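Asker: Structure provided below as structure tokens; questions to follow.
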Amino acid sequence: MREIPSILLLMSIANVLLAQNLNVELLDVADRGDQRYSGSWTYVAPDGAEYGLVGAYTGLAAYSIDEVPITEVGFVPGPGSNWREITVVKDHAYVTTEGTGAGQGLQVISLEYLPDSLHLVRTYENFFFRAHILQSDVYNPDSTYIYVNGATALGTPEPEGVIIFDVSNPADIQVVGGYHPYYIHDCHVRGDRLYASAIFEGTLDIVDISDKSNPQLIERISYGNAFTHSSWTSPDNNYLYVCDEVDGLPMRTFDISDVDNVTEITQAQYTANSAALVHNPYVRGDFLFASHNTEGLRVLDISRPDVPVEVGFYDTYSGSSGGFKGLWSACPFLPSGKIIGGDRNEGLYVWEFNDAEAGHIYGIVRDSISGEALFAASVTLTNTIQTDFEGKYATGALPGTYSMTFAQVGYASKTIDDITLQANDSLWIEVELAPSMVNMNTPLYADLMEVFPNPFKDNITVDISQLPVRAERFVLYDLNGKTIREFILNNSLSNQYNVSELDAGIYFYEILNEHNEVIGNGKLVK
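Residue numbering for the sequence shown is 5 to 530, as defined by the working numbering.
Quick look at the structure:
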């Protein structure tokens, strides 16, 4: 099946998993005894040997990871800090930290002599004395640029945006440009675009860096409750995954295929646990690897970028969920397929993921009598999602045999058993729900009253001026049938009520006469 609806999938997974891992095998973990660990990155030597680099509290440590147990093969000290980040361009590592003191600034470390030793080539103190993170274009091995975010330059009181360095000569790097509208916390670079996370502004800036001496803003993405921390693009560069560093906020998905019309796929949000935060996303092929703090490493099948499905995990933290604990970083770009990550307290982790793939199920939910598509109907497979305005849904899971349940307020729920799902499946399941008896009977005067607009924003107008009987009350209910508003009606006028304080969602209403009988009902959407 190739005709897949453009739907919105809610992936707010609230399950707290008791198992420590699924489809992800721990190869080894190395704790050198530092009090804190943070960023991690990888290096592949000309002979194919693979190395893991991790930022420790007191400096940068390098490990040979080809065999177990993994072994430390080099260390370069730096200012003490809980934050130490690394990127690698060709055979040099570039390291920055928010710590100050001896060795502050930008360290350039040669990896050419591994596994024998690391060599500090130079520490640049003339550009800035501390910075939050630095990135490079991991999809372009020929690129010779790094991008330093949140740098505090000498003589300036506040951190800045992004400084772009040409590192073609590691012993004499040069500033070639910058993007400085405000503080930039992190960025993702891919080709001629830079995706800048402005954490305090709550925006994600898409920037043209084809001319690195003069970066230009293409589009600025903003959304509610934003604390924009980090981002990464899908393999086709049509989707952008964005994380906010706040407990309870999910990873978001934006369709950026048309930068003049960027849209959030609001129901493609993902979290493994709504009590925790998603820290950083990284994409390799059809999989997204998320460092999820207290929920550890999470692996998502994004072969359908707008329908992320969790297919693996390894939880590094045994304490309660939430807060700045557990897995800080992950890096999945090694040719062997190994994944490394820096856990705040335990050091460098090395894993293998078995490339488990999800199957997907698509469909539509309708009213069995009218054939009308049902918006916000609940669809439960391994988690609960809701249908979009066209009644469509999309969900997915690992291969297995499942039951699916479909439900909507005012309708009899339906369960379909023994659904066999294979990897890469695209099943279509269309469901009709029968209205419950309370809604089977159309009220006598339904055609003589009107409630509009629908969808509504701030106000609802109830026009009952044509009714031959007296209407007394207009009652609004939520999806659980709970009364949330009740208004007294004036039969001689169109009645308008301000409901701007209501959350976006689906609501039901009833219009009742003086005998408390329902003479009108319906559904409203905000």
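Just so it is clear, CB atoms sit at the ideal spot from N, CA and C, and this is done for glycine as well.
Bear in mind the structure is a predicted one, so any value in this text is a computation, not a measurement.
With C-beta atoms as the reference, is Ala280 less than 8 Å away from Met255?
Answerer: no
Asker: Which same chain residues, not among the five before or five after Gln220, have their C-beta less than 6 Å away from its C-beta?
Answerer: Asp212
Asker: Mapping the DSSP letters down to three states, classify Gln271 as helix, strand or coil.
Answerer: helix
Asker: Based on Cα-Cα distance, which residue from Tyr55, Pro119 and Glu376 lies nearest to Lys342?
Answerer: Tyr55
Asker: Check whether the segment 381-391 and the segment 409-417 touch, using three or more Cβ-Cβ pairs below 8 Å as the test.
Answerer: yes
Asker: Provide the residue span of the beta strand (DSSP E) that contains Cys335, from first to last.
Answerer: For Cys335, there is no enclosing beta strand (DSSP E), since its DSSP letter is neither H nor E.
Asker: When the Cα atoms are used, what is the spatial distance from Met444 to Ser374?
Answerer: Summary for Met444: the model assigns pLDDT 41, below 50, so the residue's position carries little reliability; its value from the coordinates is reported in the next sentence. Near 11 Å, if we compare the C-alpha coordinates of Ser374 and Met444.
Asker: So Ser226 and Thr207 are supposed to be a Cβ contact under 8 Å. How far apart are they, rounded?
Answerer: 5 Å
Asker: Can you list the alpha helix (DSSP H) stretches of 4 or more residues lying completely in the segment 411-495, in chain order?
Answerer: 441-444
Asker: Helix, strand or coil: how does DSSP classify Ala175 here?
Answerer: helix
Asker: Select from His364, Val266 and Asp264 the residue whose C-alpha is nearest the C-alpha of Pro312.
Answerer: Selected option, being the one with the closest Cα: His364.
Asker: May I ask you to report which of helix, strand or coil DSSP gives Lys527?
Answerer: Under the three-state reduction of DSSP output, Lys527 falls in the strand class.
Asker: Would Gly165 and Asn218 be called neighbours here (beta carbons separated by less than 8 Å)?
Answerer: no
Asker: Given this structure, state the Cα-to-Cα distance separating Leu483 from Thr100, to the nearest angstrom.
Answerer: 50 Å
Asker: Could you say which of Gly345, Ile433 and Leu493 lies nearest to Asp421 if we only look at CA atoms?
Answerer: Ile433
Asker: What is the DSSP secondary structure of Asn297, reduced to helix, strand or coil?
Answerer: strand
Asker: With DSSP as the reference, please indicate the residues paired to Ala381 in a beta bridge.
Answerer: Ala381 is not bridged to any residue.
Asker: Residues in the same chain with beta-carbon distance under 7 Å from Leu385, minus the five sequence neighbours each way, listed in chain order, please.
Answerer: Ile365, Thr399, Ala401, Tyr406 and Met408
Asker: Am I right that Asn525 and Asp319 are in contact with their C-beta atoms under 8 Å? What's the rounded C-beta distance?
Answerer: With 8 Å as the limit, Asn525 and Asp319 do not qualify as a contact, their Cβ atoms being about 47 Å apart.
Asker: Between Thr62, Ser238, Ile488 and Leu31, which has its C-alpha nearest Arg40's C-alpha?
Answerer: Comparing alpha-carbon positions, the option among Thr62, Ser238, Ile488 and Leu31 lying closest to Arg40 turns out to be Thr62.
Asker: What does the Cβ neighbour count give for Tyr117, buried or exposed, with the cut at 16 atoms within 10 Å?
Answerer: Counting C-beta atoms within 10 angstroms of its own C-beta, Tyr117 has fewer than 16 neighbours from the protein chains shown and is therefore classed as exposed.
Asker: Could you please give the first and the last residue of the uninterrupted beta strand (DSSP E) stretch that includes Asp259?
Answerer: Bounds of the beta strand (DSSP E) holding Asp259 are Arg256 to Asp259.
Asker: Looking only at its chain, what residues have a beta carbon closer than 8 Å to the beta carbon of Pro472, apart from the 5 residues adjacent to it on each side?
Answerer: Annotation for Pro472: Tyr449 and Leu452 place their beta carbon closer than 8 Å to its own, counting only its chain and skipping 5 residues before and after.
Asker: Are the Cβ atoms of Ala106 and Pro83 separated by less than 8 Å?
Answerer: yes
Asker: Go ahead and pull the three-state DSSP assignment for Asn25.
Answerer: strand
Asker: Output the distance between the C-alpha atoms of Asn242 and Leu437, rounded to the nearest integer angstrom.
Answerer: 35 Å
Asker: Alpha carbon to alpha carbon, what distance is there between Thr156 and Ser114?
Answerer: 25 Å
Asker: Quick check on the DSSP output: the beta strand (DSSP E) that includes His96 runs from which residue to which?
Answerer: His96 to Thr101
Asker: Could you name the residues that DSSP lists as bridge partners for Ser235?
Answerer: Val246
Asker: Identify which residue in Val92, Val529 and Arg288 has its Cα closest to the Cα of Phe393.
Answerer: Looking only at Val92, Val529 and Arg288, the smallest Cα-Cα distance to Phe393 is reached by Val529.
Asker: On the criterion of 16 or more Cβ atoms from any shown chain inside 10 Å, does Ser307 qualify as buried, or is it exposed?
Answerer: buried
Asker: How far does the beta strand (DSSP E) with Phe132 in it reach, from first residue to last?
Answerer: Looking at the DSSP string, Phe132 is not in any beta strand (DSSP E), and its letter there is neither H nor E.
Asker: Please confirm whether Ala34 and Leu352 have their CB atoms less than 8 Å apart.
Answerer: yes
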